[in-house]
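Structure, as structure tokens:
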Amino acid sequence: MMDIANKIKEIAKKLLESGEIDVFIAWEKGNFDYQTRPFFARTADDVEKIVFDEYSVHNLANFLLKYRDGKEKIGLVVKGCDSRGIVRLLEDSQFQRDRLYIVGVCCPGMKDPLQTMKDNSGLNKNPAADSLAAKCKSCIQPNPVIYDELLGEQQNPGIEGERFARVREIENMDAGERYQFFAGVLSQCIRCYACRQVCVACNCRTCIFDETRPQWVGRETSIEDNMMYHLVRASHMAGRCIECGECERVCPVNIPLMLINQKLVKDVSELYGPYEAGMEYIEGAKPPLSTYKENDPDDFI
Numbered sequence: 147m148m149d150i151a152n153k154i155k156e157i158a159k160k161l162l163e164s165g166e167i168d169v170f171i172a173w174e175k176g177n178f179d180y181q182t183r184p185f186f187a188r189t190a191d192d193v194e195k196i197v198f199d200e201y202s203v204h205n206l207a208n209f210l211l212k213y214r215d216g217k218e219k220i221g222l223v224v225k226g227c228d229s230r231g232i233v234r235l236l237e238d239s240q241f242q243r244d245r246l247y248i249v250g251v252c253c254p255g256m257k258d259p260l261q262t263m264k265d266n267s268g269l270n271k272n273p274a275a276d277s278l279a280a281k282c283k284s285c286i287q288p289n290p291v292i293y294d295e296l297l298g299e300q301q302n303p304g305i306e307g308e309r310f311a312r313v314r315e316i317e318n319m320d321a322g323e324r325y326q327f328f329a330g331v332l333s334q335c336i337r338c339y340a341c342r343q344v345c346v347a348c349n350c351r352t353c354i355f356d357e358t359r360p361q362w363v364g365r366e367t368s369i370e371d372n373m374m375y376h377l378v379r380a381s382h383m384a385g386r387c388i389e390c391g392e393c394e395r396v397c398p399v400n401i402p403l404m405l406i407n408q409k410l411v412k413d414v415s416e417l418y419g420p421y422e423a424g425m426e427y428i429e430g431a432k433p434p435l436s437t438y439k440e441n442d443p444d445d446f447i
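In this note's numbering, the protein residues as written are 147 to 447.
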């Protein structure tokens with residue numbers, strides 16, 4: 147990965163020195179080997195801090211929301227899942243394509259720095275033998291789908307087993323069993339909103355969960371309010387989730403959030419597809435459930 151890191155530095159330095167971009171978003175190294183974190187380079191000197199290694203797991207597309215109201219031109223590095231996030235933002239009219247210079251990197255799979263931190267701390271009594279991030283084991287698109295320059299060799303999807311096997315297992319439960327399962331996992335939620343903050347598709351300017359007049363969802367971590375939060379957020383992801391897995395990765399209480407998202411991915415594809423969110427950018431195109439026509443069928447009413 148050192149060769150790719152050096153090429154990223156060369157590209158970033160050239161873009162910043164020429165004035166083609168104002169900031170370049172990549173990664174830098176922290177105090178520990180596993181502590182790779184997002185980094186924002188604004189000068190050619192800053193570029194020397196850029197790294198690309200096995201812990202460059204973060205979806206950098208989400209950081210574009212910080213710049214959506216400005217005029218700065220942004221360069222950034224994207225892996226396959228990150229690039230689907232770029233498409234998501236373009237389709238949602240959150241960013242303009244001509245403000246972006248995208249460096250795509252074919253991703254061989256990443257390690258999870260949060261998991262490594264837990265393993266090294268001794269808090270995890272049963273460290274995983276395989277250090278590959280869980281989200282990378284179900285990746286269907288390791289290669290960027292939108293880019294200005296592409297680095298690395300094309301990779302095969304990292305999906306292990308049948309893609310929706312766990313979803314079908316839950317579908318086969320009766321209603322009571324399903325309720326008990328989700329009541330059990332969602333009762334652990336502490337409503338930290340980390341899943342919302344890290345999600346590139348959660349790009350509303352004012353989130354429904356931050357509104358107080360009216361207050362749609364209570365602030366308590368009761369099972370009712372927790373279920374309302376997760377069901378509403380999941381429904382907002384229908385047809386829009388890019389399956390980057392960041393929501394589940396950053397959850398401090400290990401809620402299987404991608405199980406809910408994948409159920410919606412499966413249903414939207416079956417009902418409106420075949421369709422996979424963010425797989426290609428077509429100017430003006432919108433995902434299912436994001437458009438309305440007066441002649442749409444309304445037999446369900």
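Cβ coordinates follow ideal geometry from the N, Cα and C atoms, glycine included.
Buried or exposed (CB count within 10 angstroms, at least 16 for buried), residue i
i, result
"Q181", "exposed"
"C350", "exposed"
"G424", "buried"
"R230", "buried"
"Y438", "exposed"
"A431", "exposed"
"I171", "buried"
"T262", "buried"
"Q408", "buried"
"F328", "buried"
"G250", "buried"
"D228", "buried"
"F178", "exposed"
"R234", "buried"
"C338", "exposed"
"A187", "buried"
"E389", "buried"
"K225", "buried"
"P135", "Since the displayed the chain opens at 147 and closes at 447, residue 135 lies outside it and no answer follows."
"L377", "exposed"
"W173", "buried"
"R243", "exposed"
Alpha-carbon to alpha-carbon, residue j and residue i
i, j, result
"L222", "L246", "8 Å"
"P254", "S277", "13 Å"
"S267", "E200", "20 Å"
"S436", "A384", "9 Å"
"C387", "P433", "10 Å"
"L410", "E156", "41 Å"
"Y375", "C341", "11 Å"
"Y427", "C348", "19 Å"
"K283", "N289", "14 Å"
"I154", "S202", "13 Å"
"Q240", "R214", "6 Å"
"Q287", "R365", "37 Å"
"E306", "E315", "16 Å"
"N400", "A280", "12 Å"
"A330", "A321", "Looking at the sequence itself, residue 330 is Gly, so the reference to Ala does not match. Approximately 14 Å, taken between the alpha carbons."
"K257", "H204", "10 Å"
"Y418", "D442", "13 Å"
"A311", "D149", "37 Å"
"K175", "N270", "24 Å"
"P303", "G391", "15 Å"
"E166", "K160", "9 Å"
"E422", "S415", "7 Å"
"C397", "E440", "40 Å"
Beta-carbon proximity of residue i to residue j, cut-off 8 Å
i, j, result
"L206", "V313", "no"
"L236", "A190", "no"
"V197", "A151", "yes"
"C345", "C393", "yes"
"D294", "I248", "yes"
"F209", "K195", "no"
Check: residue i C-beta below 7 Å from any heavy atom of the ligand MG
i, result
"A347", "This structure does not include the ligand MG; it has no bound ligands of any sort."
Three-pair Cβ contact test at 8 Å for the region 352 to 371 versus the region 205 to 219
No, the region 352 to 371 is not in contact with the region 205 to 219.
Going residue by residue through the region 220 to 255, where are the continuous alpha helix (DSSP H) segments of at least 4 residues, counting only ones entirely within it?
The qualifying runs are 226 to 237.
Contact between the region 296 to 311 and the region 360 to 371 (3+ Cβ pairs under 8 Å)
Here the region 296 to 311 does not lie against the region 360 to 371, with fewer than 3 beta-carbon pairs under 8 Å apart.
Curious, which full-length alpha helix (DSSP H) runs of at least 4 residues does the region 319 to 370 contain?
Annotation note: the region 319 to 370 contains the following uninterrupted alpha helix (DSSP H) runs of length 4 or greater, listed N- to C-terminal: 321 to 332, 340 to 344.
Can you check the region 272 to 299 for any beta strand (DSSP E) of at least 3 residues that lies completely inside it and give the ranges in chain order?
Fully enclosed beta strand (DSSP E) runs of 3 or longer: 295 to 297.
Runs of 4 residues minimum, wholly inside the region 365 to 400: which ones carry the alpha helix (DSSP H) assignment?
Those alpha helix (DSSP H) runs which fall completely within the region 365 to 400 and span 4+ residues are 369 to 383, 392 to 396.
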